[in-house]
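To start, the structure under review is shown below, and the notes come after it.
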């Protein structure tokens with residue numbers, strides 16, 4: 728399928744980020760994912 732992506736390689740871009748995702752792989756095939764969000768104001 729055609730997907731439109733807004734990609735800007737090798738440059739920083741100002742953005743208001745409300746959520747982040749951290750994905751980590753460990754020994755023995757363990758995988759964990761942590762999603763963090765700002766508190767609502």
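In the working numbering, the protein residues as written are 728 to 768.
We treat Cβ as the ideally placed atom computed from N, Cα and C, and that holds for glycine.
- Between the C-alpha atoms of residue 737 and residue 766, what's the straight-line distance to the nearest angstrom? 30 angstroms
- Alpha carbon of residue 761 to alpha carbon of residue 732, nearest angstrom: 24 angstroms
- Message: Using a Cβ-Cβ cutoff of less than 8 angstroms, which residues in the same chain neighbour residue 743 once the five nearest sequence positions on both sides are dropped?
- Response: none
- According to DSSP, residues forming a beta bridge with residue 737: Beta-bridge pairing links residue 737 to no other residue.
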